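The listed protein sequences correspond, in order, to chains A and B. Per numbering that gives the first Met the number 0, residue 0 is the first one in the first sequence, and the count goes up by one each step. Per numbering that gives the first Met the number 0, residue 0 is the first one in the second sequence, and the count goes up by one each step. Even glycine gets a Cβ: it sits at the ideal position worked out from N, Cα and C. The structure displayed is predicted, hence computed values, not measured ones. A short write-up of the structure that comes next.
2 protein chains.
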Amino acid sequence: MLENLPFWPHLTVDQQQYLVRSAGFREYRKGQQLYDSSDECLGMIVVESGVIRTYIVSPEGREITLFKLGQGESCVLSVACVLSEIRFETQIMAAEDARLRIVPTAVFDKLFRENVYVREFAYETATRRFSAVMHVMQQMIFAGLDQRLAGFLLEQYEESGSPEIVMTQEEIAGEINSAREVVARSVRQFARDGLVSTGRGRIRILDPHGLQELAENQTR
Amino acid sequence: MLENLPFWPHLTVDQQQYLVRSAGFREYRKGQQLYDSSDECLGMIVVESGVIRTYIVSPEGREITLFKLGQGESCVLSVACVLSEIRFETQIMAAEDARLRIVPTAVFDKLFRENVYVREFAYETATRRFSAVMHVMQQMIFAGLDQRLAGFLLEQYEESGSPEIVMTQEEIAGEINSAREVVARSVRQFARDGLVSTGRGRIRILDPHGLQELAENQTR
Numbered sequence: 000m001l002e003n004l005p006f007w008p009h010l011t012v013d014q015q016q017y018l019v020r021s022a023g024f025r026e027y028r029k030g031q032q033l034y035d036s037s038d039e040c041l042g043m044i045v046v047e048s049g050v051i052r053t054y055i056v057s058p059e060g061r062e063i064t065l066f067k068l069g070q071g072e073s074c075v076l077s078v079a080c081v082l083s084e085i086r087f088e089t090q091i092m093a094a095e096d097a098r099l100r101i102v103p104t105a106v107f108d109k110l111f112r113e114n115v116y117v118r119e120f121a122y123e124t125a126t127r128r129f130s131a132v133m134h135v136m137q138q139m140i141f142a143g144l145d146q147r148l149a150g151f152l153l154e155q156y157e158e159s160g161s162p163e164i165v166m167t168q169e170e171i172a173g174e175i176n177s178a179r180e181v182v183a184r185s186v187r188q189f190a191r192d193g194l195v196s197t198g199r200g201r202i203r204i205l206d207p208h209g210l211q212e213l214a215e216n217q218t219r
Numbered sequence: 000m001l002e003n004l005p006f007w008p009h010l011t012v013d014q015q016q017y018l019v020r021s022a023g024f025r026e027y028r029k030g031q032q033l034y035d036s037s038d039e040c041l042g043m044i045v046v047e048s049g050v051i052r053t054y055i056v057s058p059e060g061r062e063i064t065l066f067k068l069g070q071g072e073s074c075v076l077s078v079a080c081v082l083s084e085i086r087f088e089t090q091i092m093a094a095e096d097a098r099l100r101i102v103p104t105a106v107f108d109k110l111f112r113e114n115v116y117v118r119e120f121a122y123e124t125a126t127r128r129f130s131a132v133m134h135v136m137q138q139m140i141f142a143g144l145d146q147r148l149a150g151f152l153l154e155q156y157e158e159s160g161s162p163e164i165v166m167t168q169e170e171i172a173g174e175i176n177s178a179r180e181v182v183a184r185s186v187r188q189f190a191r192d193g194l195v196s197t198g199r200g201r202i203r204i205l206d207p208h209g210l211q212e213l214a215e216n217q218t219r
């Protein structure tokens, strides 16, 4: 599995042997927590089998999944101490029984300093995961707004009996206590999801049931 | 300025000349918007002078600054189309009059594909900025909880007349409709900020004025 890491062919033979020799195996049962960012760094994780899940706990105490990793995928959040200034709090648990290869922090740190391809890998992986995390967080931040907007559009529909709502995004923002660019962002997302279509100064409801679901739920 | 980019010494002479020849200059007045992620990629930005500010607009329409960049600093969010799957929405404006060097997307893309040091630079920069962004977002998500917790601690203080609150974090979570690990996270942050100190099953208020401010404001 380590041989499939993208930086593997760029390691010297010595570095390859060092990596293989020092990477340990660990097994976790489904539901078992394997990392909490308030602990020490665990090391770099490569999933040999099973699935692990990274999550944060919402203010209301719900677990919000940030991303899942399966066979052959790597996690570098658990080696945050090597990457500069990652300071945000996550937890990782086994979503299914999982067998992991764990590269100890000190070993990863040494290869990271010696080899630019290891650094490229670490930062690329971090960029990809962070991008997913930010997407989830942005949804959390805007969940309340999406809910209000969906509710408002349905109200207008009910009042007028027409699925076509003739209002500018500026006017809608005023009604739901937001700002034009925020409403524009949500409307774009609604349109991508097939809930509405948009024209100049008007919004047409395509899927009232989808909007209803959104209006009733705190998260999408 | 381009000569100070960390990958500069690792470029071939041809690549260096290509970079210098194709990077344009642009000037922006304070307050002018220079990038919106719903637009096309702008290219990689290097700040020659002045300050630029990356922000998102909150659901209530407030601009939330994610990070600022000054002389010699680079922005790769504006070249998100080259980095794989960055899909989150930001805007950039000039926080002061600014003179920027802009490496066109196609030029950056070519160097990115040719040179591992350019990739390392791009992903490292993205990791650093994303980390800052996630920190801000986490604060936004937890602002309401921090506010409730600060208010609750002050109430207990007023009721008992003692700055020492003898309750477990589990009990506090029950009172403010949250979960133990979420309260633990906020209490850790409060302790780092010098607002409280903690012991087993108890929290001591050190700075009631600071807590009061927090309880009254939506954001920290």
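Paired residues, beta bridge with residue i - DSSP
i	result
B:F66	B:T53
B:T197	B:I202
A:R25	A:L99
B:E163	B:R203
A:S282	What the structure shows of chain A is the stretch from 0 to 219, and residue 282 of chain A is not part of that stretch, so it cannot be assessed.
Option in the options with minimal Cα separation from residue i
i	options	result
B:S48	B:A93, B:E163 and B:A149	B:A93
B:L110	B:G143, B:L33 and B:A22	B:A22
B:Y17	B:Q138, B:A105, B:S185 and B:D192	B:A105
B:R179	A:D13, A:R61 and A:R25	A:R61
B:G150	B:G42, B:Q211, B:E2 and B:D38	B:Q211
A:R128	A:R112, A:D13, A:T89 and A:V181	A:T89
A:L194	A:S37, A:G209, A:A183 and A:R184	A:G209
A:V19	A:L1, A:E163, A:A183 and A:V135	A:L1
A:S161	A:R203, A:H134 and A:S177	A:R203
B:D13	B:A79, B:H134, B:L99 and B:N114	B:N114
B:S130	B:A190, B:Q15 and B:F66	B:F66
B:E95	B:E39, B:Q32, B:M133 and B:S37	B:Q32
A:L26	A:R184, A:L99 and A:S177	This sequence places Glu at residue 26 of chain A; Leu is not what is there. Taking only the C-alpha atoms, the option nearest A:E26 is A:L99.
B:S37	B:G30, B:F24 and B:V78	B:V78
B:E39	B:R28, B:C80 and B:A183	B:C80
Proximity of residue i and residue j at Cβ, strictly below 8 Å
i	j	result
A:Y54	A:I63	yes
B:Y156	B:P103	no
A:T126	B:L82	yes
A:Q146	A:A97	no
A:S73	A:T11	no
A:P58	B:F141	yes
A:Y122	B:Y34	no
B:L148	B:I175	yes
A:L68	A:V56	no
B:R52	B:I91	yes
B:L144	B:V181	yes
B:M133	A:M136	yes
A:V46	A:G71	yes
Extent of the continuous beta strand (DSSP E) run through residue i
i	result
B:M92	Q90 to A93
A:R98	A97 to V102
A:L33	Q32 to D35
B:M0	Unbroken run through B:M0: none, as it is neither H nor E.
B:I44	M43 to S48
Extent of the continuous alpha helix (DSSP H) to which residue i belongs
i	result
A:S185	R179 to R191
B:E59	Neither: B:E59 is in no alpha helix (DSSP H) and is coded neither H nor E.
A:I171	Q168 to E174
Closer than 7 Å: residue i CB and nearest the ligand MN heavy atom
i	result
B:D108	As presented, the structure is devoid of all ligands, the ligand MN included, so that no description of it is given.
| query | Three or more beta-carbon pairs under 8 Å between the segment 3-23 of chain A and the segment 113-124 of chain A, yes or no? | reply | Yes: the two stretches touch, three or more of their Cβ pairs being nearer than 8 Å.
| query | Hey, is the segment 152-167 of chain B in contact with the segment 146-162 of chain A, meaning 3+ C-beta pairs nearer than 8 Å? | reply | Not touching, per the Cβ criterion.
| field | Contact the segment 166-173 of chain B vs the segment 194-211 of chain B: 3+ CB pairs below 8 Å | value | yes
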